[in-house]
Amino acid sequence: MANLNYTMLEATNMTTAEMYGSTLVQLAEQDSKVVGLSADLAKSTKIGALLDKFSDRLFNAGIAEQNMFGMAAGLAQMGFVPFASTFAIFTAMRGLDQIHTDICYQNLNVKMIATHAGLSFGQAGSTHHCTEDIAIMRTMANCKVIVPCDGFETAKAVAAAYETPGPVYLRINRGFDMPVYKSMDECKFELGKAQEMKEGTDLTIIATGACVARAMDAAKVLEGEGIRARVLNMHTIKPIDADAIKKAVHDTRRIITVEDHNIYGGLGSAVAEVMVETGKACAFKKLGVPDVFSIIGLHEDLMDYYGYGANGILAAARELMGADFEEDDNWDDEI
Amino acid sequence: MGISEQDFNMLEDKARELRKLTVQTVSWAGGGHIGGALSATDILTMIYYKYARVDVKNPKWEDRDRVIVSKGHIGVGYAPVLADKGFFDKEWLKTYNHTESKLGMHLDVNKVPGLDASSGSLGHGLSIALGNSLGAKLLKKDINIYVIMGDGECDEGSIWEAAMAISHFKATNVIPIVDRNRCMIDGPTEEVMKLEPFADKWRAFGFDVVEIDGHNMYQIAEAFDKAKAAKDKPVVIIANTFKGCGISWMQDKYEYHYASIDASGVEKSVADIDAYHDARKAKGGK
Ligand SMILES: Cc1ncc(C[n+]2csc(CCOP(=O)(O)OP(=O)(O)O)c2C)c(N)n1
Chain A
10 MANLNYTMLE
20 ATNMTTAEMY
30 GSTLVQLAEQ
40 DSKVVGLSAD
50 LAKSTKIGAL
60 LDKFSDRLFN
70 AGIAEQNMFG
80 MAAGLAQMGF
90 VPFASTFAIF
100 TAMRGLDQIH
110 TDICYQNLNV
120 KMIATHAGLS
130 FGQAGSTHHC
140 TEDIAIMRTM
150 ANCKVIVPCD
160 GFETAKAVAA
170 AYETPGPVYL
180 RINRGFDMPV
190 YKSMDECKFE
200 LGKAQEMKEG
210 TDLTIIATGA
220 CVARAMDAAK
230 VLEGEGIRAR
240 VLNMHTIKPI
250 DADAIKKAVH
260 DTRRIITVED
270 HNIYGGLGSA
280 VAEVMVETGK
290 ACAFKKLGVP
300 DVFSIIGLHE
310 DLMDYYGYGA
320 NGILAAAREL
330 MGADFEEDDN
340 WDDEI
Chain B
668 MGISEQDFNM
678 LEDKARELRK
688 LTVQTVSWAG
698 GGHIGGALSA
708 TDILTMIYYK
718 YARVDVKNPK
728 WEDRDRVIVS
738 KGHIGVGYAP
748 VLADKGFFDK
758 EWLKTYNHTE
768 SKLGMHLDVN
778 KVPGLDASSG
788 SLGHGLSIAL
798 GNSLGAKLLK
808 KDINIYVIMG
818 DGECDEGSIW
828 EAAMAISHFK
838 ATNVIPIVDR
848 NRCMIDGPTE
858 EVMKLEPFAD
868 KWRAFGFDVV
878 EIDGHNMYQI
888 AEAFDKAKAA
898 KDKPVVIIAN
908 TFKGCGISWM
918 QDKYEYHYAS
928 IDASGVEKSV
938 ADIDAYHDAR
948 KAKGGK
């Protein structure tokens, strides 16, 4: 296990991608099989951090993502642990056939660390926004999907990706993320296990990535209104923590999902799939990009604009609290 | 054919003005892809002020020539051209990148009048142009389709899929122009991913290659004439350019792929652009 001991100082001074880059350098120091690949975005994705000490282990494919993912598959076949980094959209879309057939189908040990995800490259427009990747990547059999919420969690998630055999898709944002954790210790990252950020019994807000910070902000305000919201950081979209979702259905009967992604196919859909299978009634609201190509703008602004910033979460929470349920603790009679 | 001395002077002045407006737009936008924008300014100027048949009053005119800036990251250099041409109000440029603006880093065909394709994901434009060409043929329309590509962009396999198909279909009204500034993001093209022998690659895919100085108006015009005259074999124009052309400290520096410019930077850059264009005009295209 990489000896990760980032401090708050580092977390506030380093972008999320920089935390990734420096974690990767540590992994490369410990394991000579760790190699990197990029497609003319070594600097932007920070995988270029490898260049200082391990320039012979970083391969730049040029602007050729399909080739890059094919190369990653080939390196994995040779026993290496390739980390391949480009923007999320050029990973989950441009490179998808190679990812599907060369990496996931063959269950190869490739780590796809995709940056500039969601609307985090907000001013770049829809050619660079990536609000479809969670939906796409979670349908790739064998592939794990992780969406860390801040720099600390990214460091831990990258190490976990390294330790988990097989393909992993990890999506991070451009630039700085609002820190969710106050220290490395506070982040209990465990693949496939949601972290409960706040206890609550009235409703559950399940968030992922940049939306976790917004969910926490909203939960604090709700607390002041006497509404006790549970907040789950669902950093792993696949395998999804079904137990945590079932428990939320049972304990709170109201769930809001929040993601920086299209409301179709992502976290909300993954949660809904588990929820519906419980056979229990549950008030439910998915927040995210409402199936549109987003407008231009700053990431913060866009999250508010599409109603999944803190205010949007608050509004949805208040609405859901209005939903009535039979007072009935015994759900065994419900199908 | 070609251009007259009068055209030359007009085009030179226009390019100077557009370079300045590009710098200004980068500052309004809070940053932008200035390097690759300035390397393409002269090509864009020639297309819009001399060659392309377009109608600013009717941007969707069916018989217009199509222009596809496949290296879509140069919106900060392209939007000023469309605005100056009259497709939309120059005031829009001041909102560049602002939340809810019509103008973002990569231009959106549904928001920007005069634009023929949303680009930004590299390696798409040439295929779209081929589709335009095939469609125009079926519709019996005599149009040209200008496509500006980056040299780094030519790493993408899709460019070569399109190239193969353009020569297969003899789509000679597609006029691909490669902005050969020899730079991409992570470094010089020949260091990141070697393209040479570049012209031979295009020849092998069935093209006649016209190599020019992409900052010389006479040469650009001559190349366009050759490409337009092509009948059986498509022509590709390899325009040798400089990233950041016109601003001395940016010129030929891949590090200036993307930069922000503050107010004093604008002033310095504009002065530098004037000096560059004064010298260029004095040479008279020789
Ligand atoms: C498919 C795709 N991959 C990666 C990028 C990110 N990107 C934007 S510009 C650029 C470099 C482009 O180099 P080049 O085509 O030579 O353009 P220029 O140097 O003229 O700006 C890259 C890699 C992209 N926009 N699209």
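From first to last, the protein sequence lines stand for chains A and B. Numbered according to the numbering used here, the first sequence terminates at residue 344, and the numbering increases by one at each position without gaps. Numbered according to the numbering used here, the second sequence terminates at residue 953, and the numbering increases by one at each position without gaps. Backbone N, C-alpha and C fix where the C-beta goes; we use that ideal spot for every residue, glycine too. Remember, it's a predicted structure, so these values are computed and weren't measured experimentally.
Taking a contact as a CB-CB distance under 8 Å, the pair residue 130 of chain A and residue 183 of chain A counts as one, their CB atoms being some 5 Å apart.
For residue 312 of chain A, the CB contacts under 6 Å within the same chain, skipping 5 residues up- and downstream, are 318 in chain order. The beta-carbon distance between residue 840 of chain B and residue 810 of chain B, rounded to whole angstroms, is 6 Å. This is short enough to meet the 8 Å contact definition. Taking 8 Å as the CB threshold, residue 76 of chain A lines the interface with chain B.
Contacts with chain B at 8 Å (Cβ-Cβ) include residue 71 of chain A. Nearest CB-CB separation between residue 103 of chain A and chain B: below the 8 Å threshold.
At least one CB of chain B lies nearer than 8 Å to the CB of residue 136 of chain A.
Here the distance from the Cβ of residue 291 of chain A to the nearest heavy atom of ligand 1 is not below 7 Å. Excluding five sequence positions before and after residue 818 of chain B, the CB atoms of its chain that fall closer than 7 Å to its own CB belong to 845, 846, 847, 848, 849, 856, 862, given in chain order. Scanning chain B for C-beta atoms nearer than 8 Å to the C-beta of residue 52 of chain A yields 852, 853, reported in chain order.
The beta carbons of residue 253 of chain A and residue 203 of chain A sit about 4 Å from each other, so the pair counts as a contact at 8 Å. Interface with chain B (8 Å Cβ-Cβ cutoff): residue 132 of chain A is included.
Annotation for residue 813 of chain B: 714, 734, 842 place their beta carbon closer than 6 Å to its own, counting only its chain and skipping 5 residues before and after. Counting only the Cα atoms, residue 866 of chain B lies some 29 Å from residue 685 of chain B.
Using a cutoff of 7 Å, the CB of residue 789 of chain B counts as near ligand 1, since one of the ligand's heavy atoms is closer than that. The alpha-carbon separation between residue 890 of chain B and residue 904 of chain B amounts to approximately 7 Å. Residue-level contact check: residue 831 of chain B does not touch chain A, since none of the beta carbons of chain A fall below 8 Å from its beta carbon. In this structure, the alpha-carbon of residue 275 of chain A lies about 9 Å from that of residue 140 of chain A. For ligand 1, no non-hydrogen atom lies closer than 7 Å to the CB of residue 183 of chain A.
Short of 6 Å from the beta carbon of residue 188 of chain A, and not among the five residues preceding or following it, lie these beta carbons of its own chain, in chain order: 20, 159. The three-state reading of DSSP puts residue 193 of chain A in coil, since its state is none of H, G, I, E or B.
Within the DSSP secondary-structure output, residue 172 of chain A pairs in no beta bridge. Boundaries cannot be given for residue 100 of chain A, as no beta strand (DSSP E) includes it and DSSP labels it neither H nor E.
By the Cβ rule, the region 703-719 of chain B counts as touching the region 745-761 of chain B, because three or more pairs are nearer than 8 Å.
With a threshold of 8 Å between beta carbons, residue 276 of chain A makes no contact with chain B.
In chain order, 136 make up the part of chain A whose C-beta sits under 9 Å from the C-beta of residue 786 of chain B. Counting every other CB atom within 10 Å of its CB across the protein chains shown gives residue 39 of chain A a total below 16, marking it as exposed. Put simply, the region 819-830 of chain B touches the region 780-794 of chain B. At least three CB pairs are less than 8 Å apart. Burial is judged here by how many other beta carbons sit within 10 angstroms of a residue's own beta carbon; residue 157 of chain A has at least 16 and is buried. Per the Cβ contact rule, the region 279-288 of chain A is not in contact with the region 301-310 of chain A (fewer than 3 Cβ pairs under 8 Å).
Relative to residue 161 of chain A, the option among A/150, A/259, A/181, A/299 whose CA is nearest is A/181. Exclusion of residue 951 of chain B from the 7 Å shell around ligand 1 follows from its C-beta lying no nearer than that to any non-hydrogen atom of the ligand.
The DSSP-derived three-state label of residue 716 of chain B is helix. Below 8 Å, enough C-beta pairs join the region 264-278 of chain A and the region 137-152 of chain A to call them touching: three or more.
Taken in chain order, the complete alpha helix (DSSP H) segments of 4 residues or longer contained in the region 861-908 of chain B are 865-871, 884-896. Nearest to residue 668 of chain B by alpha-carbon distance, out of B/894, B/833, B/782, is B/894.
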